[in-house]
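Enquirer: Take this structure first; my questions come after.
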Amino acid sequence: MWQIFFQRGAFGILMLCCSFWVAAQTYPSKTITLVVPFAPGGNVDVIARSIAPSLAKVTGQSVVVENKAGAGGAIGSAYVARAEADGHTLLVATTNTISVLPYMLKTPPYKPDSFEPVGLAAVSPLVLVVRKDDKRFPNAKAVLQAAKNAPGSVSVGHAGQGTSNHIAILRMEDATKASFNIIPYKGSAPALTDLMGGQIDFVVDQITSSKPFVDSGSLRILAVISKDRDPGLPDSPTLREAMGLDLDASTTAGILAPLGTSPNVVKSLNASLRKAIDDSGVRGRLRVLGSTARSSTTQEWAAMLNQESINSQALLQSGKIKAE
């Protein structure tokens, strides 16, 4: 009897392994959907749409980008976390979306470990942007001084709760003891729209989504939030040069699959993603937009997400962020 039991058990394990092998061999078998948890036109959206054509070429399947914005990225992320774990519905998100936002929600619809990390996609610098014709703020120091003179009077928009943009603003407040009127949006695009419309004073944003408006003359960059000047923005000072602040912030975006996705499918996805990102066309396209294409192993991407989660828990304990 026990012999039969173990034989059946071994057979079951063998069949499970075979199913993973077959899944990897037939993957992808249909259209791949890249879910962007932010509004169209934002940094993550731009990255996803830059990569999609190359990924389609590598995998031999159609790749579509679908925006599911809201709650700082939580709505789209939760949608992918609940999706079928077959590798055909993927999330394009930042380290903050996965490893910061859940700690800022009292009832998070997903956790940092609700996903299988696939790989890194791109890194984008953060910038302070104002309207081109706004004479009140000739430089970043003027913004800071106005906020200190009248706490809460200077409004700043960002792409959503828990985003790298949001955390950068909180770090600026903490370092300068200034107080801004912080306004969250469902992505960079609506924040930039309100900025150009005069509803808010400035935006902390990724250069990827701001650059078209800077190039057209609608917006002006006051500073780049990095230790060194960005090669693509040689005339824009760093926050250290502009304000004397040693802040270094950027947005790191990558791709994730629902928890439970076959390891072989994740491995296949990572190989396809790295090949797609290393394409010279993709790298050139992202460079023009102000972002840097960057591929990685699954383990490297997972380590980055884990470190951000550790940082978030420290911020939560210190009271810098809180669940709302």
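Numbering (the numbering used here), first residue to last: 66 to 389.
Even glycine gets a Cβ: it sits at the ideal position worked out from N, Cα and C.
Just so you know, these numbers come straight off a predicted model, no measurement behind them.
#1: Grab me the residues of W366's own chain with a C-beta within less than 6 Å of its C-beta, minus the 5 sequence neighbours each way, in chain order.
#2: Assign K276 to one of two classes, buried (16 or more other C-beta atoms within 10 Å of its C-beta) or exposed (fewer than that).
#3: What does a CB cutoff of less than 7 Å around L370 pick up in its chain, not counting 5 residues either side in sequence?
#4: How many angstroms separate the CA atom of D300 from the CA atom of V353?
#5: For N335, which residues from the same chain have a beta carbon less than 8 Å from its beta carbon, with the 5 sequence-adjacent residues on both sides left out?
#6: Select from A139, S356, S94, V347 the residue whose C-alpha is nearest the C-alpha of K251.
#7: Less than 8 Å between the C-beta atoms of G137 and L166, yes or no?
#8: Give the secondary structure of Q226 by DSSP, where H, G and I count as helix, E and B as strand, and everything else as coil.
#9: Which whole-angstrom value describes the C-beta separation of F245 and A212, a residue pair presumed to lie in contact below a C-beta threshold of 8 Å?
#10: Any idea if Q382 is buried or exposed, counting beta-carbon neighbours within 10 angstroms, 16 or more meaning buried?
#11: Using alpha carbons as the reference points, say which of T317, I265, A379, L284 lies closest to N108.
#12: Quick check: the Cα distance between I375 and G309, rounded to an integer number of angstroms?
#13: Does the segment 145-155 come within contact of the segment 96-104, defined as at least 3 CB pairs closer than 8 Å?
#14: Using 8 Å as the threshold, is the C-beta distance between A368 and I342 below it?
#15: On a CA-only basis, which of A187, T91, V128 is nearest V347? Give me that one, please.
#16: Going by the beta-carbon positions, is the gap between V289 and P190 smaller than 8 Å?
#17: For the candidate residues Q226, L193, K197, whose alpha-carbon lies nearest to that of V208?
#18: So L191 is in the beta strand (DSSP E); what residue range does that whole segment cover?
#19: Below 7 Å CB to CB, which residues in the same chain sit around T337 once its five sequence neighbours on both sides are set aside?
#20: Enumerate in chain order the residues of its own chain whose CB-to-CB distance from Q378 is below 6 Å, with the five nearest sequence positions on each side excluded.
#21: By Cβ distance, which residues of its chain are closer than 6 Å to E131, with the 5 residues on each side in sequence left out?
#22: Got a sec, what are the start and stop residues for the beta strand (DSSP E) Q264 sits in?
#23: Rounding to the nearest angstrom, what Cα-Cα distance links I248 and K197 in this structure?
#24: With distances taken from CA atoms, which of T273, N329, A256 is nearest I265?
#25: What is the residue span of the beta strand (DSSP E) that N51 lies within?
#26: Kindly indicate which residue of L304, F278, G227 has the alpha-carbon position closest to the one of K206.
#27: Specify, as a first and last residue, the run of the beta strand (DSSP E) that G297 falls within.
#28: Taking only the alpha-carbon atoms, compute the straight-line gap between I386 and S94 and give it to the nearest angstrom.
#29: How many angstroms separate the CA atom of G135 from the CA atom of A104?
Expert: Well, looking at it:
#1: P182, G184, L185, G319
#2: buried
#3: T160, I163, S164, P177, P182
#4: 16 Å
#5: V183, G184, T362, T363
#6: A139
#7: yes
#8: coil
#9: 5 Å
#10: exposed
#11: T317
#12: 28 Å
#13: yes
#14: no
#15: A187
#16: yes
#17: L193
#18: 180-196
#19: The question names Thr, but residue 337 in the sequence shown is Ser. Counting only Cβ-Cβ distances below 7 Å, and skipping sequence neighbours, we find L120, V123, T124.
#20: none
#21: T98, V100
#22: First-last for Q264: undefined, no H or E at that position.
#23: 20 Å
#24: A256
#25: Outside the displayed range of the chain (66 to 389) lies residue 51, so it cannot be described from this structure.
#26: L304
#27: Segment: none, G297 is in no beta strand (DSSP E) and carries neither H nor E.
#28: 42 Å
#29: 8 Å
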